[in-house]
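Here's the structure we're looking at; comments come further down.
Pasting the structure below:
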């Protein structure tokens, strides 16, 4: 078999695909005694594809071992949590009219887009930064659970991108006492 890019579809995976503005995991798979890096993770409906570059064939129903770049995953999780903290602080300081309009979360940084009636002053930026840092320094527990979209809304979850969420199940992130 020639060297090329192949996609493996697994019945189960621990790897996250890119979605909702959040970067995909990185890692490797091992099969037939060979380890190869994962190029990309693709989500299509309920199926997850793991894209690799290899010249070694993989048979259908062959067992593979998936491994995650745990450092990258941890950094992405921290930045994802930071978007929740930032949104909570902005809404606390400026009111419920602040609405997240998008984000981009990677292992190295995150961006946060939101609606607000004016530009923030340097003093307002410092206040938001100080409040976010105070929350981060408290090491508040973060948890998540899956539930139907409607139940999530009933329990107080914020969802500003209704068309992007599955109505059957969503992941609700809770930061104790914050978000």
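Numbering (my numbering), first residue to last: 48 to 226.
For every residue, glycine included, the Cβ atom is placed at its ideal position computed from N, Cα and C.
Since the model is a prediction, treat every value here as computed from it, not as a measurement.
A Cβ-Cβ distance of about 13 Å is found for the pair residue 145 and residue 130, leaving them out of contact under the 8 Å criterion. Excluding sequence positions up to five before and after residue 163, its CB lies within less than 7 Å of the CB of 141, 145, all in the same chain and listed in chain order. Counting along the chain, residue 65 sits inside no alpha helix (DSSP H), nor does DSSP assign it H or E at all. Runs of the beta strand (DSSP E) lying entirely within the region 115 to 166 and spanning at least 3 residues, in chain order: 146 to 152, 157 to 162.
With fewer than 16 other Cβ atoms from the protein chains shown falling within 10 Å of its own Cβ, residue 180 counts as exposed.
Separation of the CB atoms of residue 154 and residue 122 is rounded to 4 Å, and the pair is thereby assigned contact status at 8 Å.
Residue 78 is classed as buried because its beta carbon has at least 16 other beta carbons within 10 Å across all chains shown.
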